[in-house]
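Only one structure is covered here, and it is reproduced in the block below.
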Amino acid sequence: MMFEITKVDENRPLNFMKWSKVTTILSIVLLLVAVASLSINKLNWGLDFTGGTLVEVGFSQPADLEQLRDVLAANEFEDAVVQNFGSSRDVLVRVPPRLEAENADAVGDQLFRLLGNEIDPDLDLRRVEFVGPSVGEELAEAGGLAMIVAAICILIYVSFRFEWRIALASVIGLVQDVLMVLGVFSLLQIQVDLTILAALLAVIGYSLNDSIVISDRIRENFLKLRNTEVPDVINISLSQCLSRTLITSLTTIMVLLTLYFFGGQMVNGFALAMVIGVVVGTYSSTFTRTTIMVALGISREDLMPPEVEKEGEEQENLV
Numbered sequence: 002m003m004f005e006i007t008k009v010d011e012n013r014p015l016n017f018m019k020w021s022k023v024t025t026i027l028s029i030v031l032l033l034v035a036v037a038s039l040s041i042n043k044l045n046w047g048l049d050f051t052g053g054t055l056v057e058v059g060f061s062q063p064a065d066l067e068q069l070r071d072v073l074a075a076n077e078f079e080d081a082v083v084q085n086f087g088s089s090r091d092v093l094v095r096v097p098p099r100l101e102a103e104n105a106d107a108v109g110d111q112l113f114r115l116l117g118n119e120i121d122p123d124l125d126l127r128r129v130e131f132v133g134p135s136v137g138e139e140l141a142e143a144g145g146l147a148m149i150v151a152a153i154c155i156l157i158y159v160s161f162r163f164e165w166r167i168a169l170a171s172v173i174g175l176v177q178d179v180l181m182v183l184g185v186f187s188l189l190q191i192q193v194d195l196t197i198l199a200a201l202l203a204v205i206g207y208s209l210n211d212s213i214v215i216s217d218r219i220r221e222n223f224l225k226l227r228n229t230e231v232p233d234v235i236n237i238s239l240s241q242c243l244s245r246t247l248i249t250s251l252t253t254i255m256v257l258l259t260l261y262f263f264g265g266q267m268v269n270g271f272a273l274a275m276v277i278g279v280v281v282g283t284y285s286s287t288f289t290r291t292t293i294m295v296a297l298g299i300s301r302e303d304l305m306p307p308e309v310e311k312e313g314e315e316q317e318n319l320v
């Protein structure tokens, strides 16, 4: 289903650029808070990045994950991550590093005895593995590299598709979006695992799509409204895209909130990161990127298509 962009009276558009100074100050303050939190609190890395002990067990009956978490939390394993693995009877328990790698078997035996005594005497121990922190460091580096490569590719694509000022504004907006999401996770000390990394890459894609739609409309209006000032062209373009932006953002947030409240513990972080990313991405597409475009001196001439000489025109000029 496609949504039509609302027609807006070009003589009375919403004045988004009137708030450019306020939104610029707000963006700077939020970015400083996010960077400060990331510097002081750091990120609460999950087991995917820190390593730890992985224990797979098989129950004789479908496992109640909430009961498992309560039992583990009551026995000094409150930081354990519990999830189904394959079927409802197979459960994967991941525990952060306790002491040394040599204690992986001891941790596995302790968990096996605990779950066997408290929940299921017929519990079957499938495997015990230890993941070292070096593997987690490699994953963190690979994730950071993936986001850097994505930003560079976006810069190249948008520069080719539009103009370097729009491309630079888009990349700065994407950096803001990612830092905002990470800043919230740092402030709240929510665990960052591979699902959060996937959410960050999804936020980059979502925010870029919104930015390209608005940039395309700005370019069209620059060519159409030749006697209109740059801020007014941007106001008209944002007003025309407003209904599409709101409908897309609100429907996406509704789905993500459903995932957050009913999707279970394993997708909570992903859904939360996406909700923050959609809100921040919509804000940056509307205010941050357009403000940066104006600050960089975007003009109608920058977006005008190059003139192509018609065949035979040179010969006519010589005659």
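Here the sequence shown stands for residues 2 to 320, numbered as in our numbering. We treat Cβ as the ideally placed atom computed from N, Cα and C, and that holds for glycine.
For this session: With DSSP as the reference, label N236 as helix, strand or coil.
Result: DSSP places N236 in helix when its eight states are reduced to three.
Problem set entry | Neighbourhood of V23 by C-beta, 6 Å cutoff - its chain only, sequence neighbours within 5 removed | Within the same chain, V23 has no close Cβ partners at all.
For this session: Select from S171, T291 and V179 the residue whose C-alpha is nearest the C-alpha of G145.
Result: Of the candidates S171, T291 and V179, the one whose C-alpha sits nearest the C-alpha of G145 is V179.
Exercise. In this structure, does DSSP put P14 in helix, strand or coil?
Worked result: P14: coil per DSSP, three-state reduction.
For this session: Please report how far the alpha carbon of W46 lies from the alpha carbon of I254, in whole angstroms.
Result: Distance between W46 and I254, taken at the CA atoms: about 25 Å.
Problem set entry | L126 - DSSP class collapsed to helix/strand/coil | It is a strand residue.
For this session: May I ask which residues mark the beginning and end of the alpha helix (DSSP H) holding T51?
Result: From DSSP, the alpha helix (DSSP H) with T51 extends over L48 to T51.
For this session: Compute the distance between the beta-carbons of V92 and L55, then report whether it is under 8 Å.
Result: Cβ atoms of V92 and L55: not closer than 8 Å.
Problem set entry | Cut-off 8 Å between Cβ atoms - residues of its own chain near K43, not counting five sequence neighbours on either side | Counting only Cβ-Cβ distances below 8 Å, and skipping sequence neighbours, we find S187.
Problem set entry | Where the alpha helix (DSSP H) through Q68 begins and ends | Residues L66 to A74.
Exercise. For P63, which residues from the same chain have a beta carbon less than 7 Å from its beta carbon, with the 5 sequence-adjacent residues on both sides left out?
Worked result: Excluding sequence neighbours, P63 sits near S89 and R90.
Problem set entry | Of the residues S240, G59, G52 and F17, the one placed nearest V193, counting alpha carbons only | With distances taken between Cα atoms, V193 lies closest to G52.
For this session: Measure the C-alpha to C-alpha separation of T283 and L32 and round it to an integer number of angstroms.
Result: The alpha-carbon atoms of T283 and L32 are separated by roughly 16 Å.
Exercise. Looking only at its own chain, which residues have a Cβ that is under 7 Å from the Cβ of S250, when we skip the five neighbours before and after it?
Worked result: Contacts found: V279 and T283.
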